[in-house]
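Residue numbers for the sequence shown follow full-length UniProt numbering, beginning at 1 and rising by one. Report on the structure given below.
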Amino acid sequence: MGPARPLRLPSDRPTGVPPSRERQYTGRRTVQGVSRQWGMGALPNVVRPHIPPVRQAVRRHVRDGQERQTPDVLLQIPRPAGLEDRRPSRLMGGPLHVRLSPTGITPQNSHDASGRGSGHAFDRTLLAQSSMVPTHHRNAGGPTIQIPTGRQAPLPTERPHNPPRHHEPPSSCVETLRLSLQTAGFPPEVADIAVDARRQSTVKTYDSRLHRYYVWAGDNAADPVEASVDQVAAFLLELFREGKQISTIRNYRSAIAAVHSGFSDGSSVGTNPVLRQVLRGMFHRRPPRRRLAPSWALHEVLTTLAGSPYEPLHNAPLDKLTHKTLFLIAAASARRRSCLHALTLQRGFTRFEPGGVRLLPDPHFLPKNQSVTFTPNEIFLPSLSQASSIAEDKRWCPVRALKWYIERTKQLRTSDRLFILPRSPYTPASKDTISRWMADLIRAHTQPGEPVRAHDVRGHATSRAWFRGVPLEDIMKAAAWKTPSSFVACYLTNTPATEGDFARAALGPPPARSSTHRQGSCVTNA
């Protein structure tokens, strides 16, 4: 195949239209004739041009001078009338294929080499390129011509209806969050660190909440990740109809917000004003339930621990010694059961001193309220048996009980955890087991049918210290609270000795008759 030869196409301007200012290329063969205004086929009455003899080539192609992408539209046009008497197409090297750029009519492509705009993109000289090799067979219907289509917009079509995607209940909230972060383009290492922002207890709670939510979404043809405001509100309403408290429903909302992509108005499940109003209305219709203060007294439980079968310690069964040691440490430290569960006998985490013992939880344990700016203090338990001569104080000494407990379990341990099961295989006690042991000690001093919580020991111990004159700062330090509001709002409990003082003062007998003058007015107590 010889070198590419330029071919001048017929001008696409009607008669009377001045030619464009396109540069004229000399030394090239041109095709003379009358052209149509908006097409490349000849009209029925077109003047047949005289095509000068051209040397025969094996195959010859025509292409745009600049390489373009393949046009979007390929049209097959029939052989126009009036071409029967023209030179056979084999003289031009086989079937003629004209390939024009789809962007040939754009302003950027309508300039010649000198940078001046042309009247029309069809007035350009086309050069052959290797990618335009014709097919091996002859097209019986005429030459195949690819015409420019430009950047045409797609034909308007009706938006297909996309049914909600079915999402299986997630195996873990962490996996769902990790996948969403990776889908958003974050590296896997960043996604792994980001999902650890929630504690394991929170993740466990969210998993149970999201499992219920995903099942509901599947039954109601809703996409749990892209559910609308009304769909989320419908799910919360179903929880409300089941009798769940407002605090539980809010926890469901927090779990959904962790995986939801947000609404079209830019709000999220946690910030949407409509959902906030729905929750506020639920609160007004079903206010939180309040329960009576526990009827048991801390002193009553301590009195029980000072007698048989808990004393003397050297004769106490291992399970009774375990229960007593646990309760004394819980009352003396005012720590949560999770912290008691994490206490360990590893070197550097338990240290006996002349005045008591210092304890630290396992290094992998993360307290509930620990943050970047707050770390709970270590636990210090004083030795009461050395500081007091009262027999009960010695029997209530947490250091004394702890020493006996460690000595009795030394040969039975299979773990460094402080509290173990008092029976074979002597494995570490779980958090639920620790709560059950403490509740069993309390239940004997409560009224029948009264709910018992091991967490009440924390409130009773701190309240008793407060009414005995212990400064609030010392109470907060011992219980590992950040602010006093946690103690006052959630844990402060009136003791039997102090509750009712206001009523007795308001309704009791009047004092001796006297007159008090304040700011010029006379107030007489009668």
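Here a beta-carbon is modelled for each residue, glycine too, at the ideal position from N, C-alpha and C. Here the structure is a predicted model, which is why all the values come from computation and not from measurement.
Stretch pair the region 345 to 362 + the region 458 to 467: three plus CB contacts closer than 8 Å: The region 345 to 362 vs the region 458 to 467: no contact.
Where T375 falls: helix, strand or coil (DSSP): Three-state result, T375: coil.
Validate contact between the region 328 to 338 and the region 397 to 406 using beta carbons, cut 8 Å, 3 pairs: The answer is yes - the region 397 to 406 touches the region 328 to 338, with three or more Cβ pairs under 8 Å.
Cβ neighbours of I246 in the same chain (closer than 6 Å, five flanking residues each side left out): Closer than 6 Å at Cβ, skipping near neighbours: M282 and F283.
Per-residue burial, C173 [other beta carbons within 10 Å of its own, 16 or more giving buried]: Under this definition C173 is a buried residue.
Cβ-based burial, S264 [other Cβ within 10 Å; buried from 16]: Burial call: exposed.
Exposure label - G458; buried when at least 16 CB within 10 Å: Checking the displayed sequence, the identity of residue 458 turns out to be Arg instead of Gly. Burial call: buried.
Given V259 as reference, the closest of P273, W481, H211 and A439 once Cα atoms are compared: When each option's Cα is compared against that of V259, the closest is H211.
Pair within 8 Å by beta-carbon distance, R250 and A480: Cβ distance not < 8 Å, so R250 and A480 don't count as in contact.
Continuous alpha helix (DSSP H) stretch holding L305: start and end: Note, L305: alpha helix (DSSP H), L298 to L305.
Contact set for K477: own chain, Cβ-Cβ below 8 Å, skip 5 residues either direction: So the qualifying residues of the chain are N377.
Cβ pair count under 8 Å reaching 3, the region 281 to 301 against the region 442 to 462: Counting Cβ pairs under 8 Å, three or more are found: they touch.
Counted within 10 angstroms of its Cβ, other Cβ atoms place A503 as buried (16 or more) or exposed: When all chains shown are included, A503 counts as exposed.
Neighbourhood of A439 by C-beta distance below 6 Å, restricted to the same chain and skipping five residues each side: Result list for A439: V452 and A454, in chain order.
F283: first and last residue of the uninterrupted alpha helix (DSSP H) it sits in: Counting along the chain, the unbroken alpha helix (DSSP H) around F283 starts and ends at P273 to R285.
Proximity below 8 Å, CB of Y214 to CB of L236: Result no, Cβ atoms of Y214 and L236 do not sit closer than 8 Å.
Top-ranked residue by Cα proximity to S254, from L359, T202 and H323: Closest option to S254, Cα to Cα, is T202.
Closest by C-alpha distance to A316, when choosing among L360, L340 and R395: Of the candidates L360, L340 and R395, the one whose C-alpha sits nearest the C-alpha of A316 is R395.
First and last residue of the uninterrupted beta strand (DSSP E) at E189: In this chain, E189 is not harboured by any beta strand (DSSP E); it is covered by the alpha helix (DSSP H) spanning P188 to A194.
Residue(s) in a DSSP beta bridge with E353: DSSP, once it has assigned bridges, lists G356 as partnering E353.
Neighbourhood of R289 by C-beta, 6 Å cutoff - its chain only, sequence neighbours within 5 removed: Correct list: empty, nothing qualifies.
Inter-residue spacing [alpha-carbon to alpha-carbon] between G270 and Y206: Whole-angstrom Cα-Cα distance: 15 Å.
K324 to P309 span [Cα, whole Å]: Using only the alpha carbons, I get a separation of about 10 Å.
Paired residues, beta bridge with F380 - DSSP: Partner(s): R358.
Residues of its chain near P367, where Cβ-Cβ distance is below 7 Å and the 5 sequence neighbours each way are ignored: Taken in chain order, the residues that qualify are C339, P376 and A480.
Backbone secondary structure at T446 - three-state DSSP: In this structure, T446 counts as coil in the three-state DSSP scheme.
Secondary structure, beta strand (DSSP E): runs of 3+ residues fully inside the region 193 to 251: Secondary structure in the region 193 to 251: no beta strand (DSSP E) run of 3 residues or longer lies completely within the stretch.
S268, buried or exposed, once every other Cβ within 10 Å from all chains shown has been counted against 16: Flag for S268 reads exposed.
Inter-residue Cα distance where the pair is N162 and L181: Only weak support exists for where N162 lies, its pLDDT of 49 falling under 50; the value from the coordinates is given anyway. Cα-Cα distance, rounded: 24 Å.
Residue(s) in a DSSP beta bridge with I390: In the DSSP assignment, I390 is bridged to no other residue.
Integer-rounded CB distance, given that T344 should sit under 8 Å from R417: Between T344 and R417 the Cβ distance is about 6 Å, and since that is below 8 Å, they are a contact.
S333 beta carbon less than 8 Å from that of L381: Yes, the Cβ-Cβ distance between L381 and S333 is below 8 Å.
Through-space distance from S435 to S228, alpha-carbon basis: In this structure, the CA atom of S228 is about 42 Å from the CA atom of S435.
Host alpha helix (DSSP H) of F502 (start-end): For F502, the enclosing alpha helix (DSSP H) begins and ends at D501 to L507.
Inter-residue spacing [alpha-carbon to alpha-carbon] between V301 and T493: The straight-line gap from Cα to Cα measures roughly 16 Å.
Euclidean distance between Cα positions of R443 and A197: Near 38 Å, if we compare the C-alpha coordinates of A197 and R443.
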